[in-house]
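Student: Below you'll find the structure I mean.
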Amino acid sequence: MPRQRLYYDYVDKLLIPYVYVLTFKPGEIKWDKPVYYYDAITPFNYVGIEDLDDSLNSAMIYFSDFIFHENYRNRFGLNLNLIKKRIKSHGVDPYVINQLILPTNDISKLMSMIPSVDRKMDFVII
Numbered sequence: 052m053p054r055q056r057l058y059y060d061y062v063d064k065l066l067i068p069y070v071y072v073l074t075f076k077p078g079e080i081k082w083d084k085p086v087y088y089y090d091a092i093t094p095f096n097y098v099g100i101e102d103l104d105d106s107l108n109s110a111m112i113y114f115s116d117f118i119f120h121e122n123y124r125n126r127f128g129l130n131l132n133l134i135k136k137r138i139k140s141h142g143v144d145p146y147v148i149n150q151l152i153l154p155t156n157d158i159s160k161l162m163s164m165i166p167s168v169d170r171k172m173d174f175v176i177i
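Heads up: the sequence shown begins at 52 in the numbering used here, then just goes up one per residue.
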């Protein structure tokens with residue numbers, strides 16, 4: 052599962068989300084598949100933008116690249132066909148990408164799709 056982080060910055064003394072980043076292990080994304088699903092969890096790791104590792108090979112993603120399926124309410128899907136096409140249009144092999152970055156303007160849309168978790172405890176009386 053990718054590491055999910057929400058990087059922030061301070062603007063006029065306000066904490067503002069800057070980018071949502073998914074970091075992958077080498078080979079974790081199977082680019083020959085049409086969709087990559089991962090668990091949508093909160094809280095994310097909130098990290099200052101100065102800690103973003105810009106040495107990793109990165110690609111931009113957009114809210115339109117996400118797939119939301121009612122059978123996978125706790126999971127987000129990424130449309131790998133769209134993302135791969137965009138990456139290849141820049142002459143880059145998608146297999147070298149270690150990080151996907153969602154820009155500021157799409158973060159609030161994505162955050163609104165994260166499922167709220169109802170905590171329930173089952174017990175058995177014997």
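A virtual CB, placed ideally from N, CA and C, is assigned to each residue, including glycine.
Nearest by alpha-carbon distance to Tyr146: which of Asp116, Thr155 and Ile134 is it?
Tutor: Tyr146 has its Cα closest to that of Ile134, out of Asp116, Thr155 and Ile134.
Student: State the beta-bridge partners of Tyr58 as determined by DSSP.
Tutor: Answer is Val70 and Val98, bridged to Tyr58.
Student: Starting from Arg137 and walking both ways along the alpha helix (DSSP H), at which residues does that stretch end?
Tutor: Residues Leu131 to Lys139.
Student: So, is Leu131 buried or exposed, given that buried needs 16 or more other C-beta atoms within 10 angstroms?
Tutor: Buried, by the Cβ-count rule.
Student: In chain order, what residues of the same chain have a beta carbon less than 7 Å from the beta carbon of Tyr71, not counting five sequence neighbours either side?
Tutor: Hits under 7 Å: Leu57, Leu153, Ile158 and Leu161.
Student: Taking C-beta to C-beta, are Tyr69 and Leu129 nearer than 7 Å?
Tutor: No.
Student: Look at the alpha carbon of Gly142 and the alpha carbon of Ala91, and state the distance between them as a whole number of angstroms.
Tutor: Answer to the nearest angstrom: the Cα atoms are 30 Å apart.
Student: How many angstroms separate the CA atom of Asp104 from the CA atom of Tyr89?
Tutor: Cα to Cα, Asp104 sits roughly 21 Å from Tyr89.
Student: Name the residue from Gln150, Asp63, Tyr59 and Ser140 whose alpha carbon lies nearest to the alpha carbon of Gly99.
Tutor: Looking at the Cα atoms, Tyr59 is the closest of the given residues.
Student: With the cut-off set at 7 Å, would you say Ile148 and Asn122 are in Cβ contact?
Tutor: Against a cut-off of 7 Å, the Cβ pair of Asn122 and Ile148 comes out as no contact.
Student: Ordered along the chain, which non-local residues of its own chain (more than five positions away) have a Cβ less than 8 Å from that of Ala110?
Tutor: Ile134, Arg137, Ile138, Val143, Pro145, Ile148, Gln150, Leu151 and Ile152, listed in sequence order.
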